[in-house]
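To keep things clear, I will list the structure first and then write my remarks on it.
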Amino acid sequence: MIRPAAALLAAFLLSPAVCVAQETGEQVILTVVTEDGTHHELSRAALEAMPQAGFSTNTIWTEGPQDFAGVMLDVLLETLGAKGTHITLGAANGYRVDRSAEALVDGALVSYLRNGAPMTLRDKGPVWLVYNYDSDPAYRTEVIYANSIWQLDRIEITD
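Counting with mature numbering (1 follows the signal peptide of the UniProt record, and there is no 0), you get residues -21 to -1, 1 to 138 for the letters of the sequence shown.
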């Protein structure tokens, strides 16, 4: 008889997302859980394979204009087939934001490059959700700043 803990571990290790990450040897930098419970373990290469976007903007956390590159959040969610109405964002440091998808998605960039280089955990990476703050005063509010999570490592979509 298989013990419950061993069965759970085996199920986790044999899941397709984990097997793909193990086979490619690529580091998972972002986990997206869609409303049907599917876990998408994404490496930087997986994000790079999606349609790309970027912009240069000033932030309240950095000095001078910063060039950000990555995938627009709405494109990421569409690519993964996520259709839920609620999003929870989680960071490596435990910070979390819960928002309606409608309030969060517009203009949000899932950035994995800053000034042309991958971001380290110490440098607000490897993933930072940012907006083009210079492009519209609507992106310079406390709510948008709270949405702008660095060290983003998990996105959960629910109905």
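The beta-carbon is built from N, C-alpha and C at its ideal position, and this holds for glycine as well.
Self-check item: For Leu68 and Arg23, the rounded distance between their alpha carbons
Solution: Looking up residue 23 in the sequence shown gives position 44. Looking up residue 68 in the sequence shown gives position 89. Computed Cα separation, rounded: 18 Å.
Quiz item: Considering only C-alpha positions, which residue in the set Leu108, Val122, Asp15, Val7 is nearest to Asp138?
Solution: Within the sequence shown, numbered from 1, the residue matching residue 138 stands at position 159. Nearest Cα to Asp138 within the set Leu108, Val122, Asp15, Val7: Asp15.
Exercise. Using the Cα positions of Gly95 and Phe47, report the straight-line distance between them to the nearest angstrom.
Key: Start at 1 with the first residue of the sequence shown, and residue 95 comes out as number 116. Start at 1 with the first residue of the sequence shown, and residue 47 comes out as number 68. In a straight line, the C-alpha of Gly95 is about 8 Å away from that of Phe47.
Quiz item: Does the segment 68 to 77 come close enough to the segment 110 to 118 to have 3 or more Cβ pairs within less than 8 Å?
Solution: no
Quiz item: What do you reckon, is the C-beta of Arg93 under 8 Å from a heavy atom of the ligand FMN?
Solution: Looking for the ligand FMN in the displayed structure turns up nothing, as the structure carries no ligands at all.
Quiz item: Is the CB-CB distance between Leu88 and Leu59 below 9 Å?
Solution: On the sequence shown, position 109 is the one that residue 88 refers to. On the sequence shown, position 80 is the one that residue 59 refers to. No. Outside cutoff.
Self-check item: Residue burial classification, Pro97 (beta-carbon count within 10 angstroms, cutoff 16)
Solution: Counting from one through the sequence shown, the residue named residue 97 turns up at place 118. The residue in question, Pro97, is exposed, as its Cβ has fewer than 16 Cβ neighbours within 10 Å.
Self-check item: Option nearest Ser90 by Cα separation, candidates Met51, Asn126, Ala25
Solution: Position 111 of the sequence shown, counted from the start, is the residue given in the question as residue 90. Ranking Met51, Asn126, Ala25 by Cα distance to Ser90 puts Met51 first.
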